[in-house]
Amino acid sequence: MTLDDLLYKPGLLQGQRILVSGGGTGLGRVMSEAMLLLGADVVICGRRGEVVETTARELNAAHAQASGGHVSAYVCDIRQPDAITEMLDKVWAAQGPLTGLVNNAAGNFISRTEDLSSRAFDAIANIVFRGSFNMTLDCGKRWLAAGQKASVLSILTTWVWNGSPFTVPSAMSKAGLHAMTQSLAVEWGGRGIRFNAIAPGLFPTEGMSARLNPGGGEHKPQGNPMQRAGRMPELANLAVYLMSPGADYVNGQTIAIDGAQWQATGGNFSPMLGWTDEQWQRAREHIARTDAADRAKRG
Ligand code: HXC
């Protein structure tokens, strides 16, 4: 990505210090890159040290000098509240207070709900629902105590409005964050902390493809009125807008960016209603291989 892909003037986010959970890969990396390009100090965190460190190194090498911003990396499993506190203590001490948080880290896989165990539910909910809440709460307490302005952006899905079969733990967890966005926008808005969310449609990433399209093949945005998937700079431009001082009066909103896919088709996994037992078995095996490879990198 370059500045030409973005809508904004250079330096727009200078002086902002923004933490992006799951910033080492996928949409998190894209948003981190855009914010760096616009001069922000970006803090990324993830479970795999090598992944976040490589991303920080690559993004700094590409853009830090020209933009004046910087990316730093922390290893943190947001499922552990103590690990969140430890990371935020370090960030506040080493770099100063954050001015923004992007709740991007997620986990998801397709499965028939009757095939899930309660541990499977927790594997998703502990990242998306509890992890994002605990990140928000820990940052929020620090901001409120200091009387400091801040902005929180959560990355949701359009399923917060209509649910999704076969990704029920994710749909429930993201719907919870949608409720958090609306609730805290009111509770903390008057104290300078605003809350918004983005509900992206199809923006193909590696982590998402392995777990939500495990048969492989091209993502076909079937029935999408725009007849295409999203482009990363399109998502980045919306995220930057919501995090920028110019959006100070935007609060409590969840904005879809999906080419109107969900109005046209529901935008969820209902097409899998016709899958056979064999197809579900194959999907599960593929997802298990991806998870094992990821786990190996976490050490
Ligand atoms: C049924 C499954 C399963 C599957 C795991 N489990 N995969 N059950 N079908 N495919 C069950 C296991 O059997 C186990 O339960 C429990 O879940 C925990 O499994 P672990 O492998 O130990 O979990 P863990 O290592 O914590 O893995 C976490 C994860 C993993 C969330 C499952 O996929 C992950 O780390 N993902 C991060 C990246 C990611 O998912 N990216 C996609 C995000 S896309 P038992 O009872 O057997 O012990 C997204 C938005 C998409 O969120 C929007 C599209 C429009």
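Going left to right, the sequence shown walks through residues 13 to 311 as the numbering used here numbers them.
Glycine included, each C-beta is placed from N, C-alpha and C at the ideal position.
When the alpha-carbon of H190 is set against those of G40, E297, I210, the nearest one is in I210. In its chain, beyond the 5 residues on either side, G235, N236, P237 have a beta carbon closer than 7 Å to the beta carbon of A276. Cβ contact annotation for V172 (same chain, cutoff 7 Å, sequence separation greater than five): K186, A187, H190, A211, T266, in chain order.
As DSSP reads the structure, S163 sits in a beta bridge with G112, R206. The beta-carbon distance between V103 and L49, rounded to whole angstroms, is 21 Å. This is too long to meet the 8 Å contact definition. Residue pairing from DSSP places D53 in a beta bridge opposite R29, H82.
Shown here, V252 sits in a helix according to DSSP, grouped into three states. Counting C-beta pairs with one atom in each stretch, the segment 73-84 and the segment 113-132 have fewer than three that are closer than 8 Å, which means they do not touch.
The way I'd put it, the segment 134-152 doesn't touch the segment 241-259; fewer than three beta-carbon pairs between them come closer than 8 Å. By the Cβ-count criterion, S195 is exposed, with fewer than 16 other Cβ atoms from all chains shown falling within 10 Å of its own Cβ. Only residues of its own chain outside the window of five on either side were considered, and among them T37, G38 have a CB closer than 7 Å to the CB of G219, listed in chain order. Beta-bridge annotation (DSSP): T266 is paired with A209. Under the criterion of beta carbons closer than 8 Å, S256 and L71 do not qualify as touching, at roughly 19 Å. Between the segment 62-69 and the segment 79-88 there are three or more inter-stretch CB-CB distances shorter than 8 Å, so the stretches are counted as touching.
Counting only unbroken stretches of 3 or more residues, the beta strand (DSSP E) elements lying wholly within the segment 125-169 are 162-167, in sequence order. Between M43 and V114 a beta carbon distance of about 6 Å is seen, short of the 8 Å cut, so the two are scored as contacting. A Cβ-Cβ separation of about 5 Å places D89 in contact with R59 under the 8 Å criterion. V87 is bridged by DSSP to G58. Residue environment analysis places G35 among the buried positions, since at least 16 neighbouring C-beta atoms fall within 10 angstroms of its C-beta. Put simply, of L285, S163, Q26 the residue whose alpha carbon is nearest the alpha carbon of G202 is S163.
When rounded, the separation of the alpha-carbon atoms in V252 and A46 is 7 Å.
Exclusion of the five residues before and after P177 leaves F281, S282 as the residues of its chain whose Cβ lies within less than 6 Å of its Cβ. In this structure, the C-beta of S144 stays at least 7 Å away from each heavy atom of the ligand HXC. The residue among W274, Y20, D101, I299 with its C-alpha nearest the C-alpha of W155 is D101.
For S129, the CB falls within less than 7 Å of some heavy atom of the ligand HXC. Nearest neighbour of G278 by Cα position, chosen from P233, D127, S129, turns out to be P233.
Around the C-beta of S129, fewer than 16 other C-beta atoms lie within 10 Å, and the residue is accordingly described as exposed.
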